[in-house]
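For the sequence shown, my numbering assigns the number 1231 to the initial residue and increments by one for each residue that follows. C-beta atoms are modelled at their ideal positions from N, C-alpha and C, and glycine is treated no differently. The structure displayed is predicted, hence computed values, not measured ones.
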Amino acid sequence: MSERAIDVRGLNKSFGDRHVVRDVAIAVETGRITGFLGPNGSGKTTTLRLLCGLLTPDSGEGEVLGMDFRARGDAIKRRTGYMTQKFSLYEDMTLEENLAFVARIHGLDQRRERVDATLHRLGLFDRRRQLAGALSGGWKQRLALAAATLHEPRLLLLDEPTAGVDPRARREFWDEIHALAAGGLTVLVSTHYMDEAERCHDIGYILYGRLIARGTADAVIRDSGLVTFLGEGPGIDRAAHVLAQVDGVLSASAFGAAVHVSGTEREALERALAPWRREPFRWNEVPPSLEDVFIQLMGRERDERYAS
Ligand SMILES: Nc1ncnc2c1ncn2[C@@H]1O[C@H](COP(=O)(O)OP(=O)(O)OP(=O)(O)O)[C@@H](O)[C@H]1O
């Protein structure tokens, strides 16, 4: 069964004369984790806030959690958990006190049981009497997730959830998010990190307020039509800035001692690489990475804007 948690069309929002979200149409299936990527200020956070009733749109229609998203914004907001990038709990209160406080704000019943169950679920029970301010980054983030999910929301918004968190804590955090999604929670993640994007079921790329790519990471890569070559050999990484200027090359970047060179037209790309196809360099075609694709999307949209 794949019921839709979100099915919204014609979403628009301006702040003064800044048109920040432009005609966004988006459908998200229940229990999916969708990552929203795009440059700073492209409208990711605003789009997510509009969808869960935290902001009022200028226009748009559709349903979120089976409710008319404009008429029932308050009800949708109550069923949403929101974890902001900035730690927003009380550092001078214990974990248990923080969660008890959040439970009261939500007007929950059986507060003690819910707080204990959440502490157990996230492996925080043994630390329940520690001050939140004494926790390391990874544990703080886990506490923030506990607070955002205490009221058992059906929609969860995560804003760059693992920025500044070490790899092990990142992995554990994402395992928890996947477990929540498997239980039917729909998760929307705003991120700049490719590894977070790759952990999502689906991604959406937002640029200048428009949703310009949508689907699984594989589908977004396939639809890009991008061709990528990996160059290796002594000093090839230093060729990146030269190759980036050649016709037919959309992007060329060093990855360690290798270089990734991408373009959408195979022949033009081959011509650009021809002078470098010699000993001691080796070239192999590789699947484009999400990052290669996003760099291309950014350039394509910019060209279209300048052309119009
Ligand atoms: N409440 C507001 N009032 C006025 N302008 C706003 C408001 N919220 C956001 N903006 C502006 O809208 C634009 C989009 O912001 P938004 O936070 O949605 O972008 P973003 O893609 O999430 O960016 P980032 O990656 O930097 O978090 C920005 O130019 C921002 O300054």
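Per DSSP, G1478 is not a residue of any beta strand (DSSP E), being assigned neither H nor E. Contact check for L1241 and V1251: beta-carbon distance about 6 Å, within the 8 Å limit, so the pair qualifies. Annotation for R1501: G1478 place their beta carbon closer than 7 Å to its own, counting only its chain and skipping 5 residues before and after.
Bounds of the beta strand (DSSP E) holding K1243 are R1234 to F1245. Under the 10 Å beta carbon count, N1270 is surrounded by fewer than 16 other beta carbons and is classified as exposed. With a threshold of 16 other beta carbon atoms within 10 Å, Y1312 meets it and is buried. A Cβ-Cβ separation of about 29 Å leaves E1462 out of contact with R1400 under the 8 Å criterion. In the structure shown, L1295 adopts coil according to DSSP, grouped into three states.
Residue state for E1259 is assigned as strand, using DSSP reduced to three classes. Secondary-structure assignment with DSSP links Y1435 through a beta bridge to L1267 and A1443. Taking 8 Å as the upper bound for CB-CB distance, L1373 and L1354 are in contact here, some 6 Å apart. Counted as a single uninterrupted DSSP element, the alpha helix (DSSP H) harbouring D1425 occupies residues M1424 to R1429. For a cut-off of 8 Å, the C-beta gap from D1396 to G1368 is around 6 Å, short enough to register as a contact.
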